[in-house]
Amino acid sequence: MDLLLDAPWIHTLRFLIEVAATIAFALSGIIAAARKRMDVVGVCVVAFVAAFGGGTLRDLLLDQRPFFWIRHTGFIWGLLALCVCAMLFMRQRHFKPTERAMLLPDAIGLGLFAAVGIDTATAVGMPPIIAVMMGVTTGVFGGVLRDVLCNEVPQAFSDHRPYALCAFAGGWIDVALRQMDTPPWAPLLACVLATAGLRGLALWRNWELPAWRV
Amino acid sequence: MDLLLDAPWIHTLRFLIEVAATIAFALSGIIAAARKRMDVVGVCVVAFVAAFGGGTLRDLLLDQRPFFWIRHTGFIWGLLALCVCAMLFMRQRHFKPTERAMLLPDAIGLGLFAAVGIDTATAVGMPPIIAVMMGVTTGVFGGVLRDVLCNEVPQAFSDHRPYALCAFAGGWIDVALRQMDTPPWAPLLACVLATAGLRGLALWRNWELPAWRV
Amino acid sequence: MDLLLDAPWIHTLRFLIEVAATIAFALSGIIAAARKRMDVVGVCVVAFVAAFGGGTLRDLLLDQRPFFWIRHTGFIWGLLALCVCAMLFMRQRHFKPTERAMLLPDAIGLGLFAAVGIDTATAVGMPPIIAVMMGVTTGVFGGVLRDVLCNEVPQAFSDHRPYALCAFAGGWIDVALRQMDTPPWAPLLACVLATAGLRGLALWRNWELPAWRV
Numbered sequence: 001m002d003l004l005l006d007a008p009w010i011h012t013l014r015f016l017i018e019v020a021a022t023i024a025f026a027l028s029g030i031i032a033a034a035r036k037r038m039d040v041v042g043v044c045v046v047a048f049v050a051a052f053g054g055g056t057l058r059d060l061l062l063d064q065r066p067f068f069w070i071r072h073t074g075f076i077w078g079l080l081a082l083c084v085c086a087m088l089f090m091r092q093r094h095f096k097p098t099e100r101a102m103l104l105p106d107a108i109g110l111g112l113f114a115a116v117g118i119d120t121a122t123a124v125g126m127p128p129i130i131a132v133m134m135g136v137t138t139g140v141f142g143g144v145l146r147d148v149l150c151n152e153v154p155q156a157f158s159d160h161r162p163y164a165l166c167a168f169a170g171g172w173i174d175v176a177l178r179q180m181d182t183p184p185w186a187p188l189l190a191c192v193l194a195t196a197g198l199r200g201l202a203l204w205r206n207w208e209l210p211a212w213r214v
Numbered sequence: 001m002d003l004l005l006d007a008p009w010i011h012t013l014r015f016l017i018e019v020a021a022t023i024a025f026a027l028s029g030i031i032a033a034a035r036k037r038m039d040v041v042g043v044c045v046v047a048f049v050a051a052f053g054g055g056t057l058r059d060l061l062l063d064q065r066p067f068f069w070i071r072h073t074g075f076i077w078g079l080l081a082l083c084v085c086a087m088l089f090m091r092q093r094h095f096k097p098t099e100r101a102m103l104l105p106d107a108i109g110l111g112l113f114a115a116v117g118i119d120t121a122t123a124v125g126m127p128p129i130i131a132v133m134m135g136v137t138t139g140v141f142g143g144v145l146r147d148v149l150c151n152e153v154p155q156a157f158s159d160h161r162p163y164a165l166c167a168f169a170g171g172w173i174d175v176a177l178r179q180m181d182t183p184p185w186a187p188l189l190a191c192v193l194a195t196a197g198l199r200g201l202a203l204w205r206n207w208e209l210p211a212w213r214v
Numbered sequence: 001m002d003l004l005l006d007a008p009w010i011h012t013l014r015f016l017i018e019v020a021a022t023i024a025f026a027l028s029g030i031i032a033a034a035r036k037r038m039d040v041v042g043v044c045v046v047a048f049v050a051a052f053g054g055g056t057l058r059d060l061l062l063d064q065r066p067f068f069w070i071r072h073t074g075f076i077w078g079l080l081a082l083c084v085c086a087m088l089f090m091r092q093r094h095f096k097p098t099e100r101a102m103l104l105p106d107a108i109g110l111g112l113f114a115a116v117g118i119d120t121a122t123a124v125g126m127p128p129i130i131a132v133m134m135g136v137t138t139g140v141f142g143g144v145l146r147d148v149l150c151n152e153v154p155q156a157f158s159d160h161r162p163y164a165l166c167a168f169a170g171g172w173i174d175v176a177l178r179q180m181d182t183p184p185w186a187p188l189l190a191c192v193l194a195t196a197g198l199r200g201l202a203l204w205r206n207w208e209l210p211a212w213r214v
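So the protein sequences, as listed, match chains A, B and C. For the first sequence, UniProt numbering assigns the number 1 to the initial residue and increments by one for each residue that follows. For the second sequence, UniProt numbering assigns the number 1 to the initial residue and increments by one for each residue that follows. For the third sequence, UniProt numbering assigns the number 1 to the initial residue and increments by one for each residue that follows.
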């Protein structure tokens, strides 16, 4: 197990998932901004907020500095390039990335961001309920801030499909495993698998969250 | 007077008002989210933001940690229970808490939250105008953030009934009493009474704030 | 050159531009709030957010305290007086400050706020890309937060006229001059002139930013 922990491919895998999730979240921002007929500035800002807003809000609340995108400014350049490419490419081809194609990286990213958020909160001594909340915030509030900037009711609150709730459930599994004597990679992996699995199950089975009849 | 200050019922009273105000603010969030047909996740998040958003924004601006809801995680569990109960109860009975029933705890809560905000700002050495602003922020911005998440123009800015202004007036009374040689409970009490009294008077007399004819 | 740097009129000029820009940004908030038929509380809050929101967000992200408006509380009193005067004056005269009259202080203010933001970020050791981002944030996010409070899609993202992009270009000139052996007032001046010049050119020539055809 220790071998597994120290294996460099684990870190490579985590990094690759992180990049894929950031791209998926940024693409969701590009699409939302384009739907509102924003210009290139709006597209870049909304993509940035969708990709980094959740983690930045978490770090603001936990008073953690520097932010992810300040430590790794390469991500900012990559994001700008992604936005420009997306605009050029999609103007020419009238191509729209299907939401379906983004569901998988989005679901895995949600789990990974939740696990990263829990890790950060636990490292500064937060109790379990706060750690889970920070995990959900990391995964969900990028999309919430994206929708606020686009002047929409946040999709995560109103499309009645389980999303934040999957991260909430995955987060408690993560926290529970941390209490036990597991190797350090186990909570991360369990959180990603549980969140993405629940999300996939919810989409496949068309689960609906209860709403309030007014 | 010293007896009064040290009397445990003072602290109990303040705590009870604080709980009542938090519940009133959370209920306003639940109702606003339900009107937008949000799902259970949206209802919980909006209720949370309505109840704790003002104090959290104040602490962010003043760089005070930990937040109220991180120090007292019991409030988070209570809020989740309140949301679930409200949804179950109101689905069955088609019952809507009348706005009228919430006016009293809301008005007292506004005054108390303002006094708590002024206390926090004064304790870190802020000048009077900033202390009063932080008091108003604590009382009002929970509702403002609630309305932003619900994609509405904030009610506190546009319903033309004095609300923030009552807290502003009560806040200056609080600050003035702090300058004098009064016992420590006097500013709190005066702020709550003045704010709630002005708010009640404004509602009873149908006072209207001037707007701008465009 | 050293004489120029130490000359008191340089500081007076910078201060006067700063006051003019703050007034221009506050007026944009007053007009936006009045269009939404907000009451006097809404007008004051939106004017405050438009004038100080960008710098406050930058200082939150960079963890810099105290904020500008806490260090100089005189600006708060001035802003309140401006709001009350604007409401009284405009109610009587049915007068609306033409957007055209505000374009000049707004353009110079954008450049100055960008330069101040870059200065703040550089002083705490941020890399160039972050410094430029913080400059653009200082100049642009006051207006973005104003539009979010007014429940509008932010104008800076959707009116297809270069605004943030002018500050972005001016910001890189500022950062480039800082790398060279120039006197300390040169980057500030170059950033203001380049930003305001580009903005003026864009308005004069009716430049349009590319949007995304969906």
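Every residue gets a Cβ at the ideal spot worked out from N, C-alpha and C, and that includes glycine.
Which of helix, strand or coil does DSSP assign to residue i?
i: residue 174(C); result: helix
i: residue 59(A); result: helix
i: residue 181(B); result: coil
i: residue 159(C); result: coil
i: residue 1(B); result: The predicted position of residue 1(B) is uncertain, since its pLDDT is 38 and thus under 50; no value can be drawn from it.
i: residue 38(C); result: coil
In angstroms with no decimal places, state the Cα-to-Cα distance between residue i and residue j.
i: residue 69(B); j: residue 179(C); result: 46 Å
i: residue 157(B); j: residue 111(C); result: 31 Å
i: residue 86(A); j: residue 117(C); result: 29 Å
i: residue 64(A); j: residue 132(C); result: 22 Å
i: residue 171(A); j: residue 182(A); result: 16 Å
i: residue 189(A); j: residue 38(A); result: 38 Å
i: residue 2(C); j: residue 17(C); result: Below a pLDDT of 50, predicted positions are generally treated as unreliable, and residue 2(C), at 45, falls in that range; no measurement from the model is reported.
i: residue 109(C); j: residue 41(C); result: 25 Å
i: residue 187(C); j: residue 106(C); result: 19 Å
i: residue 75(B); j: residue 83(B); result: 12 Å
i: residue 121(A); j: residue 50(A); result: 21 Å
i: residue 80(C); j: residue 195(A); result: 49 Å
i: residue 36(B); j: residue 211(A); result: 10 Å
i: residue 153(B); j: residue 144(B); result: 8 Å
i: residue 32(B); j: residue 88(C); result: 33 Å
i: residue 78(A); j: residue 26(B); result: 41 Å
i: residue 123(A); j: residue 151(B); result: 35 Å
i: residue 223(A); j: residue 104(C); result: Residue 223(A) is absent from the model: chain A starts at 1 and stops at 214.
Determine, using beta carbons only, whether residue i and residue j come nearer to each other than 7 Å.
i: residue 192(A); j: residue 168(A); result: no
i: residue 54(B); j: residue 142(B); result: yes
i: residue 102(A); j: residue 21(A); result: no
i: residue 19(B); j: residue 149(B); result: no
i: residue 29(B); j: residue 199(B); result: no
i: residue 201(C); j: residue 160(C); result: no
i: residue 175(A); j: residue 128(A); result: yes
i: residue 67(C); j: residue 56(C); result: yes
Which stretch, first to last residue, makes up the alpha helix (DSSP H) that contains residue i?
i: residue 150(C); result: Per DSSP, residue 150(C) belongs to no alpha helix (DSSP H) and is neither H nor E.
i: residue 204(B); result: 185-204
i: residue 32(A); result: 8-35
i: residue 69(A); result: 68-71
If residue i and residue j are in contact, beta carbons under 8 Å, what's the gap, nearest whole angstrom?
i: residue 138(A); j: residue 164(A); result: Contact flag wrong, Cβ pair sits at about 11 Å.
i: residue 162(B); j: residue 204(B); result: Going by Cβ atoms, the distance from residue 162(B) to residue 204(B) rounds to 12 Å, so no, they are not a contact pair.
i: residue 60(B); j: residue 62(A); result: Between residue 62(A) and residue 60(B) the Cβ distance is about 11 Å, and since that is not below 8 Å, they are no contact.
i: residue 14(A); j: residue 134(A); result: Actually they are not in contact, since the Cβ atoms of residue 14(A) and residue 134(A) sit about 19 Å apart, beyond 8 Å.
i: residue 130(A); j: residue 73(B); result: 6 Å
So does residue i have its beta carbon nearer than 6 Å to some heavy atom of the ligand PLP?
i: residue 67(A); result: Of the ligands one can find in the structure shown there are none, so the ligand PLP has no counterpart to examine.
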